[in-house]
Each structure stands twice: as C-alpha cells, then as structure tokens.
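Working notes, beginning with the structure itself.
Number of protein chains: 2
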Amino acid sequence: MESELIPVISPDLTLHHLLTACSASMANTNSLNVRVFSLNCWGIRYLSKHTPQRYAMIGDMLCKEEHDIVLLQEVWSEKDYLSMKKKLACSHPHSHHFKSGVIGSGLAIFSKHRIHETFLYRYSLNGYPYMAQHGDWFGGKAVGMAVLKLGSLTANVYVTHLHAEYCRDKDSYLPHRVVQAWELQQFVRHTSAGADVVILGGDLNMHPQDLGSRLLMSYTALRDSYVESAKFDGCEDGMTLIADNPFIGKKELGPFEKGIRIDYILFKGSSKTDIYCDFMSTTKGSVPDHPFPYSDHEALTAGLRLETQTPTETDSDRQRTSKNRDSAAGKVAELVDIVTEARTEVKVGLHCAERMRYTAARTGVMGLALLFLELAIAAVPWLALGAEQPFPRTSFYLLAALCFAILLTTTLLYLFYTMELKSLQGAEDQMRLAVGSLQEKLRGFPLAQPHNAQRRPPEGHEPSAFTPEE
Amino acid sequence: MESELIPVISPDLTLHHLLTACSASMANTNSLNVRVFSLNCWGIRYLSKHTPQRYAMIGDMLCKEEHDIVLLQEVWSEKDYLSMKKKLACSHPHSHHFKSGVIGSGLAIFSKHRIHETFLYRYSLNGYPYMAQHGDWFGGKAVGMAVLKLGSLTANVYVTHLHAEYCRDKDSYLPHRVVQAWELQQFVRHTSAGADVVILGGDLNMHPQDLGSRLLMSYTALRDSYVESAKFDGCEDGMTLIADNPFIGKKELGPFEKGIRIDYILFKGSSKTDIYCDFMSTTKGSVPDHPFPYSDHEALTAGLRLETQTPTETDSDRQRTSKNRDSAAGKVAELVDIVTEARTEVKVGLHCAERMRYTAARTGVMGLALLFLELAIAAVPWLALGAEQPFPRTSFYLLAALCFAILLTTTLLYLFYTMELKSLQGAEDQMRLAVGSLQEKLRGFPLAQPHNAQRRPPEGHEPSAFTPEE
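Here the protein sequences come in this chain order: U and E. For the first sequence, counting from 1, position 406 maps to 406 in my numbering; every step adds exactly one. Converting from the second sequence to my numbering requires adding 1000 to each position, the first position being numbered 1.
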C-alpha cells in the first residue's frame, strides 16, 4: 500500500504518478498474478431452480478458491448478496452490489483487494417495461466499475450484463443490445485512461462474432481471455451456455446444439503494464459431489499475469510502435466498418420505434374520438337516432372507462417510445460523429489503402458528406 | 492537426502519447487562448417569452464573437438547434445536440475545433414525472461530454444542467440534486484522466457554497473561472440570475434580492498543461440595441490560457509536489466532511422515498380491498343487508373503474419510488465506500492532524466501523 502514502490534492492523480514515474531511468519489471472469476448466478428468487442451494455451493467454492476478483451477474436479491458477503468476509473482504432499476442491476463484485471507488453507468435502452415476462427492463441493466489497487497498479474492473437474446432469428432487442455495446465501449474507453490494468467480466449475451462483440473489442482494444489464454480447460469452443447443463432446455440454444459462448473475461494493459492470460477455464455443466451445477451459465476463471515496466522507451518499444503504425490503418478502417454496421442496426431500431410510437399515437387519438362520440351521443339525444333509451347508463360508463384506459395506456407508451427514440437518435448521432473522426484519422495515414478503401469518400470530401441525411 | 498523423491501434492512446512525450528532454512552453461561452437559453417553445427573437439574437452574437467553445443549455427543441447550427455553420462548424429523456437534455455544444467524440451520462435521479408543472423529469437531465483537439492538446469539454430549485427553504429535490452533483463529479473525474484540459460549463442550479457545488469542486479539483479570473466584468458577485433581468420575477429570487450565481464555467489542467483564466464576463440583464436580454439567465464568457510544457520534472515541479503534500491532508479531510454531509442528505432522500413508496403501497392495498368488497357485495346478496336493489349497476361500474384507476396509479408510483430508492441506495453505497477509501488515505499522511481529526475513527479502526448501519 505504499502508493497510499503519496499525498495528492485530488484523488485522480494517477496520470501524474505515471508521468513522474517516467523520469526514473532504470527499467524495472515486476510480475503479479491475478485470478479473475465471472459467473451469471441465475439468482431469481422463487423462480430459478435450487437458488439457495446453488448460492451455498457458489459461496463455498469462492471461499475455497480465493480468486482475487469475483464478478457476479444476476444476484438480483439484496438478501442473497448480503449472505454471500457474510460468507466471503474472510476470503473477499471487499465487495459492492450495484443498484439500479426496479429490482437492481444484479451486478456484484467481491475482491481480495481494497475497492477504492465504484461507479455505475445505466444503459439508456434496456427492453420494454410491458415485456414483463422477459423482465430485462426491470433489471436496469448497467455496467459497474470498481477501482482497485493491485499492488502499486490501478485496476479498473468492470462487470456488466447486457439484454438477453430471446429469439436470434427475429431479435427485436438487437438495436437495444447494440446501443448497450456502444455505451459499454464508450464507458470503458473513457473511464480507463488513467488505469494501468483494465478487466471486464460478465454476461454480454452476444456471440464472439456478433456485431456488439466486435464493436466492443475493436474500439476498446480489450483482449479475450479465451482467445489469448496459453492454456485452456473447459467446454468446447469456450462455450458458457451448454446443452450438457441440466438447467438448459434444448429449445433455448436453438440451432447451436452444443451451446454458445456469451460470457467473457476481457482485459488490457497500458503503456506501463503488460498483461498476459496464463490459463483460462470454465465449468462443464456439472460440479463434482453435487447434484446440479452452480448456475445455468458456466463459470469462467482466468489467470492473468501483470508485468510492470517503468515506461522508458526501449528499442523493443520503438519496434512495437513501428509495428503498430503498420497495422493501425487497417484497424481503424475495420472500426469504421463496424461502427457503420452498428449505425445501420440503430437505424432499424429507430424505424421500428417510430412505427410503434405512431401506432400508440393513432390508437390514442381513436380512443379520444370514441370518448367524444360517446359524450356527444349522451348529450345530444337526436344523435341516438330515435332509440327509446338513448344510451344505456351501464354501457355508457363501461365505454367511458375503456376510453380512459386506452388514453392512459397510449399516453404512457407514447412517452416511453419518445424516450426510446431520443436514446436511439443520440447513439446514432454519436456513431456518425465517431465515423467522421475515424475517417479523418484514416486520411492521415500515409499508406492508407485499407481493405475497404473503395467505400471511403474521396480525399477532399468532408466526412459529413458521408452522412447527407443530417 | 499533426497529432492526427500518428497512427494508433485504438483511439484511446492519449496516455501513450503522453508517456512517449516524456522521453523528450527539452522543456517547451506553448501558449493557447481559448474563449468559452455558456448560456441557459430558456428555449421552451411557445412558453418562454420571445423565443425566436432571442435565438436570433444569440445566433447573431455567437457568429460575431466566434468563441472557441459554446456550451448551451435548455435548447429543448431540435428545430431550434438545427437552425442555430445552420446559422453558425461558418463560425462554429462542429456541433452536437445531446438527446435524452422525453424532450431531450437541452444540452448543445458548438465548437470552432473538431469534436472527435461525444458521450452522455444521464443522471439516475431527476425529479418526478407527475410534477409535470416543473418538467425536469421530462428533460432527462444529463452531462454531455465532447472530446476536442485544441492544437495538440486533448480537451474534455462537459456541459450540464442540474435539476432546478423551486423552493430553497423546503427543497424536496435537494437529494436528487446532490446525487446529480455526485454523479457529475464521478463522471468528470473518471472520464478526464486522459485529457490535457478539462472544461465544464452549465447551469448547476446551485449557489457556490451549496453542498453539491462543494462536492463537485473539491472532488474534481475543478477551478471556478469567476473566482480565478484575473479580470472580471459583469454582475455583482458574478451573479447569473439577476433581479435586473426583465424575465425574472421578484418572487423567483426569494431572499436573494439582487440575484444568485448558479451558472459556471469551471476548468482544470493536467500535469502536461497549466491553465489560467485571463478574463471573465457576464451579461448584465440587457443587450445594447435590443429590447430584451438573451435569456432569463445571464451569459458567461471566460478567456482561458493554456500553457503546455513537456512534463519533465523540474525544480519548480518538485517544489509544487512538496507544497501539494502539505495541503493534501487538509483537502482530503475536507472532502471526507463534504461526502459525509452529502451522504446525510441522500439518507434524508431515502427516508422520504421510503415513506412515499409505503403510502403508494398502502393506497394500492386499500384500492384492492375496496374492489374485493364490491365484488363480494355484488356476488353474495345477503351482504347488501336486505336492500331492495343489492348494488345499483351504475355505481358498481363507477366504483370498479375507480378501484382499477387507484390500483394502476399506485402500481406505477410504487415502481417509480422503488427505482428512486435503488438509485439513492446506490449513491449512498458509493459515498460510504469513498469515505472509507479517503479515510484510509488520510491515515497514510505522516502529519495527519487535519482540522476535523477528532471526528475520525482511531488508527486501528476499519473504515467500515464508520458505517455500522450496514
């Protein structure tokens, strides 16, 4: 904890420390091993199967294994979190439960190392409140950040859970999930500039090649511990939702008979710290000596090795910079493609939200018209076209109640869709800006002949020409 | 634009650039002047007075003045933003309108310098939807961030607008505004580590000595351009909501007869960049040759001077570090006090939200009981105690409709208050953690006898002892 002894004016002087460290001329390499664990706990009280028993199993295992950092998702109940906290008091004295939405974000972090600060970013889009059977909206999906000290290093640790995918062929939540991935990469990128190490774990609900995954990985330069690991022990292809898990129904996996990979542990270092994944493992759908597994998801463990160097520019650094320069243009070009693809997806979402809002407005107007018609018939007898009893009182009240119900519901829906539209438009604006900026960067590369250069606007063109719709 | 020529793998290599710059041994000082403008435009279409004329005046002035960075609040209408964008196309070719909530966040930025990226953080608490007359909830209050290049420097520019204060004596929105200030300082602090310059402008709806202002300024180490300015020309005490403004009613200002200061331009540099405020001005409630002022708020202009030095540690740096060390303990102790005060305010909010949720639940249960009673009377004739007509049909339906309305309303309110509670609890958790971490830092200071040491727990105590309620 020697870093605690350095007095600071404001608590965010990491950059300053780094820069001061620059003046040291001797290169000094330290190695630190960090074991990271991630699990979607499937902790819906009374609905998930064997919840108390599974939490007990998870707690026992974590107590025994003593991972440095434990990232949990779907810890929906505060009670379950608190009993876990009690159980792990010795092995993981530091913890935080991120609160959001109606029932919480479900995100929790347990750590052997002191958590100095936490911060939560709630995604602007997260499904629909009336899709109560899916429940995502009530969960208030978010990304939680915790600032830890690992020795003398500052680690930004993120835990997140994105909107679930209920039907891959006709995924109405895709624009929401893409916007979540967009906001996730923004949050990680912008908040991690001062960190020496970045670790992100959680249930992304996206396959490795999905648009959102590519967006996140390309933009943040986070590396996938499954891909990077020197040694792997776990399910085929690193899958984390597998057919062999007794809690998984065949139907859930759709065409992916054996399973899918949607949980991740990602990481990156900094100019001060190199980071390597020495091993990675997943559970395999069962736990020895127990009748059922920890959860419907498989648990992930990654062994990361952090190597610190005082950042004096060495020959190898210079070589690396030169190599970077060669591949950078290609990477930026790839990023332009991915962001453009994401923008298209957001536009699909915009179109859909506009249609829904229009439907809500139209229905509301019809409800209002019906109400006026009814009032008119009741007030002006000749409108009833000579019927003996112009308007039976019971029918009158029932119809009026129906009209009011329609008006109220459509008003609420209209408000909700307007907010959805604003969020989608906001994300689209940000993406357009980012594409423009990336394209400008691309034009700066001397050897700019990326694989998709033919789709770029000509040199003299302003990036805004790319987006004539504004 | 030479910085654009350096190829990068990921777009967030600012830190890397900085560190590479370290290796240069020659100190090199450059000076750059940046003029920043901030105004709450009071742009509620059809409700604010003379909106089109005022926007025209603002546009003309901005075109002429050519500030580097223009930060606007309450640009509620997209149309008004777009016409302003058109007007400022020559003077400020880069702009962004931040979208949020039902009617937008009202935040906009215009810039002479390219905006590379934008990011929006929506505050988790922002009033109540049923307080439609106040309207803050519908605005989706947020803090918008734009990443700009000022020469070779990376500037993070923030624009924000916090929840209004409608009654200072009995301010029911105080916990919400304190949580907004908390989230604002978190967002600025965590996203600005990689920036060379930080500029924040906007309508904070807080007086300089208010809890939220102190929280923001102490935690982020942002400096107030009014306080720091070498030259000031404007209203007395830098006030931005003044009695001399014809749009301001006497009642609005309450006991502050002359006016209040609630709009700010704040700034800070970094280890690479020093920043000074050369001048600061505000409008004074009128505009020459015009019948009325730009807005009900006064406009702020700050002239900032950025001085860049390649960060080689010099003697003066070392002296500064030593000075910092002396004052750091006091500052951390002050911060502990402020965060503790904020925590108390959040707890008041928690108590209030719990009471409101309880009331909603109780009313809902009563509505349900009434419905059951009604159904029972209708179904079981002897319950009507021998009345001739057991239950008049009209009354039956009216009563049922009333019960349903009560049930629906209370359910929505219950959900809303639960979300409010979660956000308040989340903020309180984060504040507790921050206080613990700050206290640990304080214990590390060798000369730790800060002005409020008597309130600190003894050396051996864990910070958690400070918060026995968890």
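C-beta: ideal position from N, C-alpha, C; glycine also. No experiment lies behind these values; they were computed from the predicted model shown.
Bridge partners for residue i per DSSP, in chain order?
i       : result
U:D68   : DSSP, once it has assigned bridges, lists no residue as partnering U:D68.
E:G1202 : E:T1160 and E:Y1264
E:F1037 : E:V1070 and E:T1301
E:S1031 : E:E1307
E:D1233 : E:S1281
E:R1223 : E:F1267
E:I1406 : E:I1406 pairs with nothing; no bridge assigned.
E:G1259 : E:I1242
E:T1273 : E:T1308
Alpha carbon to alpha carbon, how far is residue j from residue i? Give it in angstroms, no decimals.
i       : j       : result
E:A1302 : E:S1111 : 15 angstroms
E:H1113 : E:Q1439 : 42 angstroms
U:R189  : U:I199  : 12 angstroms
E:L1350 : E:L1424 : 6 angstroms
U:D237  : U:A299  : 14 angstroms
U:G335  : U:L184  : At residue 335 of chain U the sequence reads Leu, which differs from the Gly that was named. Taking the straight line joining both Cα atoms gives about 16 angstroms.
E:I1069 : E:V1034 : 8 angstroms
U:L373  : U:A401  : 14 angstroms
E:Q1180 : U:G269  : 32 angstroms
E:P1255 : E:G1212 : 20 angstroms
E:G1127 : E:A1360 : 17 angstroms
E:S1192 : E:A1353 : 33 angstroms
E:K1170 : E:A1132 : 19 angstroms
U:P93   : U:K87   : 10 angstroms
E:Q1430 : E:R1305 : 35 angstroms
U:Q449  : U:W182  : With a pLDDT of only 43 at U:Q449, under 50, the local geometry of the prediction cannot be trusted, and the value read off the model is given with reservation. Distance between the alpha carbons of U:Q449 and U:W182: 27 angstroms.
E:A1243 : E:S1327 : 39 angstroms
U:P288  : E:L1407 : 49 angstroms
U:Y417  : U:Y173  : 14 angstroms
E:A1378 : U:I260  : 55 angstroms
E:L1072 : E:C1041 : 7 angstroms
E:R1443 : E:F1037 : 42 angstroms
U:G201  : U:F279  : 16 angstroms
U:H67   : U:I109  : 12 angstroms
E:K1049 : E:H1297 : 13 angstroms
E:L1370 : E:L1398 : 12 angstroms
U:D233  : U:Q186  : 32 angstroms
E:L1412 : E:G1135 : 18 angstroms
U:A376  : E:F1404 : 25 angstroms
U:T340  : U:V435  : 7 angstroms
E:T1410 : E:P1129 : 14 angstroms
E:M1026 : E:Q1309 : Annotation note: pLDDT 39 at E:M1026 (below 50); position unreliable, no value reported.
U:N284  : U:R54   : Reading off the sequence shown, one finds Lys at residue 284 of chain U, where the question assumed Asn. So the two alpha carbons sit approximately 15 angstroms from each other.
U:Y414  : U:L32   : 53 angstroms
U:V346  : U:I338  : 12 angstroms
At 9 angstroms on the CB atoms, spell out the chain B contacts of residue i, in chain order.
i     : result
U:H96 : Note that chain B does not occur in the displayed structure, where the protein chains are U and E.
Could you run through the stretch 1098-1131 of chain E and flag, in chain order, every residue whose CB is less than 9 angstroms away from some CB of chain U? F1098, K1099, S1100, G1101, V1102, I1103, G1104, S1105, R1114, I1115, H1116, E1117, T1118, F1119, L1120, Y1121, R1122, S1124 and P1129
Taking only runs that begin and end inside the stretch 1094-1155 of chain E, name each unbroken beta strand (DSSP E) of 3 or more residues, in chain order. 1094-1097, 1108-1111, 1115-1122 and 1142-1150
Does the stretch 1133-1150 of chain E come into contact with the stretch 1080-1100 of chain E, if we say contact requires no fewer than three beta-carbon pairs (one atom in each stretch) closer than 8 angstroms? yes
Inter-stretch contact at 8 angstroms, needing at least 3 Cβ pairs: the stretch 75-89 of chain U / the stretch 115-131 of chain U: no
Could you please tell me which residues of the stretch 176-194 of chain U, in chain order, have their CB closer than 7 angstroms to any CB of chain E? Q186, R189, H190, T191, A193 and G194
Determine, using beta-carbon pairs with one atom in the stretch 219-227 of chain U and one in the stretch 1215-1234 of chain E, whether at least three such pairs fall under 8 angstroms. no
Taking contact to mean at least 3 C-beta pairs separated by less than 8 angstroms, is the stretch 270-278 of chain U in contact with the stretch 240-254 of chain U? no
Near-chain U residues of the stretch 1390-1420 of chain E - C-beta to any C-beta below 7 angstroms: R1393, T1394, Y1397, L1398, A1401, L1415, T1418 and M1419
Please specify which runs of the beta strand (DSSP E), each continuous and at least 3 residues long, are wholly inside the stretch 1172-1220 of chain E, giving them in chain order. 1197-1203
Looking at chain U, which residues of the stretch 1421-1436 of chain E have a Cβ within less than 8 angstroms of any of its Cβ atoms? K1422, S1423, Q1425, G1426, D1429, Q1430, L1433 and A1434
Runs of 4 residues minimum, wholly inside the stretch 325-376 of chain U: which ones carry the alpha helix (DSSP H) assignment? none
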